[in-house]
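Residue numbers (this note's numbering): 116 to 315.
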């Protein structure tokens, strides 16, 4: 069996334009991948988990099971940082595969990041609903999340999205832009910002 062993043969993805690395390069690529993963900090855990998945599936180190292994590793990293797993729904599988190919062939990961962030967001909603039998208001649920879209922050603060972007650009609200429209704001940072607004 080849389970757990690095591939020594060429592999191709059916129906894909992606050219996978030569088998001879796989050991070196895996060493580089492991070094990268060990050196990454956890300032942006969702992005790191998403990048880990993308890098591993792009190396395609095994003859079979690369996607499953990459998703398992991504979700392990997410759960280590207190996030629920990112579950790729059956109806999103085509978009998921296409987003990976776009990242690999065009070096554009926007759709991929968006898909992963939305998957984590859905899981957070499920967890919150399960933890709140009487179901808290949307604003209370969103306050428990660890990242938000510009629109969600705008609703929480009762301002327009452009005001949120101005707060971020001016440094008044600390945020990291990831995956296109998504910004990641720590709960403590958002709470502090709200308290500062109240005292002014």
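Ideal Cβ placement from N, Cα and C applies to all residues, glycine included. These figures come from a predicted structure and were not determined experimentally.
Can you tell me whether residue i is helix, strand or coil according to DSSP?
i: residue 203; result: coil
i: residue 277; result: helix
i: residue 136; result: coil
i: residue 168; result: helix
i: residue 235; result: helix
i: residue 404; result: Outside the shown range of the chain (116 to 315) lies residue 404, about which nothing can therefore be said.
i: residue 123; result: coil
i: residue 150; result: helix
i: residue 173; result: helix
i: residue 224; result: coil
i: residue 190; result: helix
i: residue 128; result: coil
i: residue 180; result: coil
i: residue 266; result: helix
Kindly indicate which residue of the options has the alpha-carbon position closest to the one of residue i.
i: residue 147; options: 208, 170 and 125; result: 170
i: residue 239; options: 199, 121, 172 and 186; result: 199
i: residue 208; options: 119, 279 and 227; result: 227
i: residue 172; options: 288, 269, 134 and 272; result: 134
i: residue 181; options: 127, 161 and 158; result: 127
i: residue 190; options: 279, 154 and 161; result: 161
i: residue 185; options: 145, 206 and 281; result: 145
Using the Cα positions of residue i and residue j, report the straight-line distance between them to the nearest angstrom.
i: residue 257; j: residue 197; result: A caution first: residue 257 carries a pLDDT of 46, below 50, which makes its placement in the model too unreliable to give a value.
i: residue 129; j: residue 212; result: 11 Å
i: residue 231; j: residue 283; result: 23 Å
i: residue 273; j: residue 266; result: 10 Å
i: residue 237; j: residue 178; result: 32 Å
i: residue 275; j: residue 268; result: 9 Å
i: residue 233; j: residue 202; result: 10 Å
i: residue 167; j: residue 192; result: 9 Å
i: residue 163; j: residue 235; result: 13 Å
i: residue 183; j: residue 165; result: 14 Å
i: residue 187; j: residue 270; result: 34 Å
i: residue 124; j: residue 219; result: 20 Å
i: residue 277; j: residue 210; result: 29 Å
i: residue 140; j: residue 224; result: 24 Å
i: residue 310; j: residue 194; result: 30 Å
i: residue 155; j: residue 204; result: 28 Å
i: residue 151; j: residue 159; result: 15 Å
i: residue 253; j: residue 307; result: Below a pLDDT of 50, predicted positions are generally treated as unreliable, and residue 253, at 46, falls in that range; the measurement from the model is reported next regardless. Answer to the nearest angstrom: the Cα atoms are 20 Å apart.
Can residue i and residue j be called in contact, C-beta distance under 8 Å?
i: residue 136; j: residue 175; result: yes
i: residue 120; j: residue 138; result: no
i: residue 285; j: residue 216; result: no
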